[in-house]
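Going by numbering that gives the first Met the number 0, the sequence shown opens with residue 0, and the numbers climb by one from there. Quick reminder that beta carbons are idealized off the backbone N, C-alpha and C, glycines included.
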Amino acid sequence: MVSEKNIIEDCIKGKRYAYEQLFKTYASTMLGICMRYSKDKAEAEDILQEGFIKVFFNIKKFRSEGSFEGWLKKIMVNTAINHYQKNLKHYFHIQIDKLHETISDYVDDDLHADESLPKEKIMALIQDLPDGYRFVFNMYVFEEFSHKQIAKTMNITVSTSKTQLFKARHLLKRKIESIKKEELQYNKSHGEKSEKSRQVHL
């Protein structure tokens with residue numbers, strides 16, 4: 000099996016197999032990152048392709064002191080941000096396995112007393128946030144950017160970054176509460192119907 004180091008070296012040399020192997024190895028993980036910044040999978044795949052083009056053009060700049068996957072991740076996040084900036088032209092001022100654990104640090108604890116909501120559903124709620132909220136939330140929670148770093152990257156103020164994070168958390172809380180309320184009402188309704196049906200048969 001070819002080592003990561005050799006694959007990187009062969010990418011620098013322009014060998015096609017190395018490009019294909021690198022993409023095959025990291026595409027799934029990087030797509031997950033792109034999905035957090037996208038409205039849908041099609042947009043995420045566009046960002047992924049654009050990101051890997053940047054990776055291949057700049058791979059000679061990678062320094063082995065750090066994690067290669069971390070370097071890839073940074074490029075994907077920056078590509079997603081650039082994609083957002085390029086398409087909107089202005090700003091709204093308004094590892095998936097750890098999703099519940101990560102979000103629970105930034106959303107009220109009572110929303111996580113149980114983990115009945117699938118991770119995929121929570122991710123969909125995040126994707127449905129307004130663009131400005133979604134980007135700040137992702138950068139702060141998942142990428143661990145400071146508000147100062149977010150402000151610089153997004154060309155907004157630190158105050159706006161903090162406000163958007165607060166509003167993102169508030170929106171997520173409301174959405175999760177609404178879903179759980181609907182599920183509770185549904186279960187209660189069907190429980191009553193089941194009980195009535197049982198009594199009729201008796």
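Contact check, residue i vs residue j, beta carbons under 8 Å
i: lysine 72; j: isoleucine 32; result: yes
i: valine 140; j: serine 160; result: no
i: lysine 38; j: glutamine 126; result: yes
i: tyrosine 25; j: glutamate 68; result: yes
i: aspartate 130; j: tyrosine 83; result: yes
i: phenylalanine 61; j: tryptophan 70; result: yes
Top-ranked residue by Cα proximity to residue i, from the options
i: leucine 124; options: Leu183, Arg168 and Phe55; result: Arg168
i: glutamate 42; options: Ser63, Glu119, Pro117 and Asn81; result: Asn81
i: isoleucine 11; options: Leu30, Tyr36, Asp39 and Lys53; result: Lys53
i: isoleucine 175; options: Thr156, Lys161 and Leu128; result: Leu128
i: lysine 40; options: Ser66, Thr152, Ala79 and Gly131; result: Ala79
i: methionine 29; options: Tyr36, Lys14, Leu47 and Gly13; result: Leu47
i: lysine 4; options: Ser63, Ser27, Arg173 and Glu49; result: Ser63
i: leucine 171; options: Lys120, Gln20, Gly13 and Ile74; result: Lys120
Cut-off 6 Å between Cβ atoms - residues of its own chain near residue i, not counting five sequence neighbours on either side
i: methionine 138; result: Phe144 and Ile149
i: aspartate 96; result: Low per-residue confidence applies at aspartate 96: pLDDT is 48, beneath 50, and the placement is therefore not dependable enough to give any value.
i: alanine 112; result: The predicted position of alanine 112 is uncertain, since its pLDDT is 41 and thus under 50; no value can be drawn from it.
Own chain residues within Cβ distance below 7 Å of residue i, not counting five before or after
i: glutamate 142; result: Val76
i: phenylalanine 51; result: Phe22
i: lysine 88; result: Residue placement at lysine 88 cannot be trusted, given a pLDDT of 45 that sits under 50; what the coordinates show is reported in the next sentence. Correct list: empty, nothing qualifies.
i: isoleucine 178; result: Leu116
Enclosing alpha helix (DSSP H) for residue i [first to last residue]
i: glycine 202; result: This structure does not reach residue 202, given that the chain is present from 0 up to 201, and the question cannot be answered.
i: aspartate 9; result: 3-11
i: aspartate 127; result: That residue, aspartate 127, is in no alpha helix (DSSP H); it is neither H nor E in DSSP.
i: glutamate 19; result: 15-35
i: lysine 147; result: 146-153
Nonlocal neighbours in the same chain, by C-beta distance under 8 Å from residue i, ignoring five residues either side
i: histidine 146; result: Tyr139, Val157, Ser160, Lys161 and Leu164
i: tyrosine 16; result: Asp9
i: asparagine 186; result: none
i: glycine 65; result: none
i: aspartate 109; result: Here the model assigns aspartate 109 a pLDDT of 44, short of 50, so the residue's position is not dependable, and the following value carries that caveat. So the list is empty, once near-sequence residues are dropped.
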